[in-house]
Amino acid sequence: MAKKFTKKKREKLPRIDKKFFAGNKPASAEVMTQMFMEFFGRYNFPGIKLVESPARPGPDHDSEHGLKVRPVINVHEESSTMEVDGHLAGVGIDDTMIELFNDDEDDAPFEDDSYEAKRTRDQLAAYVVDLCARQHRTHLFIVYIYYPYARFIRFDRSGALVSERFDFTDDCTPLIRFFSRFSKMTQAGRGYNPTVQVADELETKVAHERLSEWAPNPRYERPVFKMEVHDDREQAGGKRPNKPRPRKFLVWGSFADPDLPLGRATRGYPALEVTDGVENAPKDAPIMFLKEQWRSTALRQEIDILRDLNDKGVEHVPTLICGGVLPGQVTQTGLYATGRSGEKEIAERAHVRFVVLEVGRPLERFSSSKEMFKAVYDAFQGIQAFEKCNLLHRDVSGGNILLLSNGGLLIDWDMAAKADGEEHGTTSGTWDFMSIDLLGSTGLPHKVSDDLESFLWVVLYYGLLYLPHNKVDELEKIIHVIFEEYTNYGEAKGGQGKCLAVTAGRHIGFNACPPLEFANEPLTRFVHTILRLLMDYSQREAGARRRLKPPSILSDRPDYLSSLPPPPTQKQRQDDMELIFKLALDLPWPTDDKSRLNIVKNPEDDQAGIESKKRKNTTQNVPVEDTEDRQAKKAKRSAGDKTLTKALNAADGSRDP
């Protein structure tokens with residue numbers, strides 16, 4: 004239910020004529036900008052000032068349908084300064100912004116669903132993403148101007164509160180009242196996250212020295228931040244400590260920034276603890292990993308899952324150091340919304356931040372094929388979570404397996420669910436690595452066998468992309484057919500290529516001409532053994548279904564499938580794969596086959612780049628349901644994980660800003 008506001012005493016507002024903007028329509032956005040500068044004046048709104056921002060393209064300015072460049076007026080704190088070449092570079096000091104739109108565009112972007120209305124909403128979302136990538140925010144205000152109308156918009160990670168439009172040329176009192184109140188707000192009230200501070204010069208110097216291995220791409224300036232982590236671990240007897248002192252960590256550039264204004268907004272950073280001050284931090288203090296996200300309050304926290312895994316002794320999973328929900332940081336959109344557009348529920352989200360001991364390397368940066376294979380095998384051991392905690396990971400993928408100096412780690416347990424819990428029947432996973440059953444059907448319960456099968460697709464995917472083999476000339480087709488292919492009739496489905504590879508030996512198996520062979524025999528033997536194993540499972544399942552049907556009078560021939568043994572249990576499947584992994588590891592592996600991308604990006608006419616970009620645009624049109632809004636996360640069914648684009652970016656050393 005929306006909150007009700009109580010009437011307060013009349014507030015004192017600046018003496019500005021409510022008809023300030025009355026008159027003829029401004030001839031251009033530049034003239035309108037000058038009018039707002041005069042509206043602010045020097046003393047009307049003490050504490051804040053207007054600064055015209057240089058026009059810049061939207062995030063996808065190089066795409067076929069890139070967003071337009073528009074002027075933006077930024078609102079800054081009057082005392083704000085910026086050391087462009089110093090340790091504050093790249094932060095941004097925008098408190099809010101005034102967005103000016105032209106009158107040849109849709110006048111009802113929040114009521115209409117036309118193409119132009121959608122582009123207007125996309126442009127607003129692009130600015131929010133850009134600003135929140137440079138700043139750490141709990142929410143953001145935007146003043147949206149479409150002459151002669153204006154709206155106020157408040158974004159947080161649950162949605163956007165959009166006011167009714169008003170004619171500010173007839174009465175600009177709402178604008179006066181908004182900026183008057185905004186000028187009196189604290190930084191936290193304006194949306195800045197009070198648990199994040201820009202590091203000082205000494206902290207920045209230390210962070211640059213200790214975190215240099217993970218330095219951000221030089222193309223994107225990123226300052227060093229100092230972040231608080233609040234630990235909500237229960238003490239003995241179920242009691243929590245009284246306001247424990249937050250621990251503090253230095254971070255320098257996240258591995259990736261969110262590309263959407265809503266949702267979990269997950270970010271991860273290598274981190275150095277400086278709780279007692281940077282001058283007191285041991286010079287050999289370990290570098291750990293800090294992760295933060297806006298988690299749906301309807302779902303179990305990853306922190307609690309990690310504690311459970313650690314307490315039960317599950318191996319090759321992250322070791323939780325500390326973490327919890329940040330005080331008071333819960334989204335407000337659902338509290339104040341009096342109505343909504345769209346079909347999705349407004350999910351309440353809480354800001355969670357935690358630290359784990361291990362910092363790994365991406366799986367594609369392996370120094371030998373055996374290192375990659377051993378890392379996947381170690382991550383496979385994380386399936387102990389099913390036996391010890393009754394947990395299914397539900398998102399086994401290459402991106403969720405990290406290389407450590409002594410093996411591998413299965414990370415990102417935020418989609419994990421109890422095997423018999425409410426989320427058991429929801430589909431979850433990364434499209435490229437999901438099992439045949441999950442890709443081809445809807446509503447099937449997630450089983451441990453689905454997680455087990457994903458490990459095969461991880462090994463095959465990274466072997467195909469980064470190791471020598473005899474199918475390099477067919478790689479584009481194989482990657483697309485096995486990992487990315489989908490159909491979309493209301494809901495994305497796939498798995499046909501994987502199914503044919505398993506049951507008919509197509510593409511890479513015994514019916515391919517020639518079958519797939521890697522330059523190292525152990526990997527070849529592993530892949531084909533697992534494919535035969537999955538084919539055996541498939542035939543035994545088909546036989547079980549056949550035995551349930553009444554016999555046919557059309558044929559007296561023996562039914563081969565019906566004579567097969569019953570399908571294996573989940574435990575038998577796990578034991579079978581465990582044995583094959585171990586046997587493969589015992590074989591002699593090469594030691595000098597460091598990862599090397601099998602597709603070379605040609606800036607002029609390389610088909611890999613063209614095709615991957617085409618797939619990227621196509622897959623973005625696949626409707627994906629964010630089921631966190633339904634209190635259970637549905638598949639990361641991106642219908643293609645932008646496979647070759649991601650691989651090419653990783654190969655040239657680039658990373659997201």
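In this note's numbering, the protein residues as written are 4 to 660.
Even for Gly, the Cβ is constructed at its ideal location relative to N, Cα and C.
Here Pro29 has Met35, Met38 and Tyr150 as same chain residues with Cβ atoms under 8 Å from its own Cβ, once five neighbours each way along the sequence are excluded.
Classified as buried, Gly385 has 16 or more neighbouring CB atoms from the shown chains inside 10 Å of its CB. Per DSSP, the beta-bridge partners of Ser299 are Arg352.
Glu479 carries a helical assignment under DSSP once its states are collapsed to helix, strand and coil. The alpha carbon of Thr176 has as its nearest neighbour, out of Gly194, Ala153, Leu164 and Ser161, the alpha carbon of Ala153. Listed as beta-bridge partners of Val165 by DSSP are Ile156. Annotation: Thr430 is outside any beta strand (DSSP E) and is labelled neither H nor E by DSSP. With the rule of 3 Cβ pairs closer than 8 Å, the segment 159-176 counts as touching the segment 347-361. Scanning its chain for C-beta atoms nearer than 7 Å, with the 5 sequence neighbours on each side dropped, one finds around Leu395 the residues Phe389, Ala419, Ala420, Ala422, His449, Val451 and Asp454, in chain order. Collapsing the DSSP output to three states places Pro219 in coil. Between the alpha carbons of Thr490 and Lys496 lies a distance of about 5 Å. For Asp476, the number of other beta carbons within 10 angstroms of its own is below 16, and it is reported as exposed. Relative to Ser215, the option among Lys552, Arg236, Gly256 and Met230 whose CA is nearest is Gly256.
Nearest to Phe458 by alpha-carbon distance, out of Leu413, Val333, Asn409 and Tyr223, is Leu413. Thr207 is positioned such that its CB atom lies no closer than 8 Å to that of Phe144. In the DSSP assignment, Phe252 falls within the beta strand (DSSP E) that extends over Arg250 to Trp255. Sequence-distant Cβ neighbours of Gly26 in its own chain, meaning closer than 7 Å and more than five residues away, do not exist here. With contact defined as three or more Cβ pairs closer than 8 Å, the segment 308-326 and the segment 278-287 are not in contact.
When only Cα atoms are considered, Lys22 and Ile179 end up about 11 Å apart.
Nearest Cα to Lys373 within the set Lys15, Lys597 and Ser566: Lys597. Lys22 carries a coil assignment under DSSP once its states are collapsed to helix, strand and coil. A distance below 8 Å separates the beta carbons of Ile324 and Leu360. Three or more Cβ pairs closer than 8 Å define a contact, and the segment 322-341 meets that threshold against the segment 218-236. Linking His472 to Phe228 through their CA atoms gives a straight-line distance of about 44 Å. Its chain contains Arg267, Gln304, Arg352, Ala353 and Val355 as the residues whose beta carbon lies nearer than 7 Å to that of Arg298, once the 5 sequence neighbours on both sides are disregarded; these appear in chain order. Assigned with DSSP and collapsed to three states, Pro330 falls in strand. Looking from the CA of Ala378, the closest CA among Val358, Gly402, Arg397 and Asp398 belongs to Gly402. When DSSP reads this structure, Gly443 sits in no beta bridge, so it has no partner. By the neighbour-count definition (other C-beta atoms within 10 Å, threshold 16), Ser566 is an exposed residue. DSSP places Phe376 in the uninterrupted alpha helix (DSSP H) bounded by Ser372 to Phe383.
Straight-line spacing of the CA atoms in Gln542 and Val484 works out to 22 Å. Note that the segment 511-522 does not touch the segment 582-590; fewer than 3 beta-carbon pairs, one per stretch, sit closer than 8 Å. CA-CA distance, Leu302 to Phe486, rounds to 29 Å. Remark: C-beta atoms of Glu494 and Thr445 approach each other more closely than 8 Å. For Lys121, the secondary structure class from DSSP, reduced to helix, strand or coil, is helix. In this structure, the alpha-carbon of Trp434 lies about 24 Å from that of Asp579.
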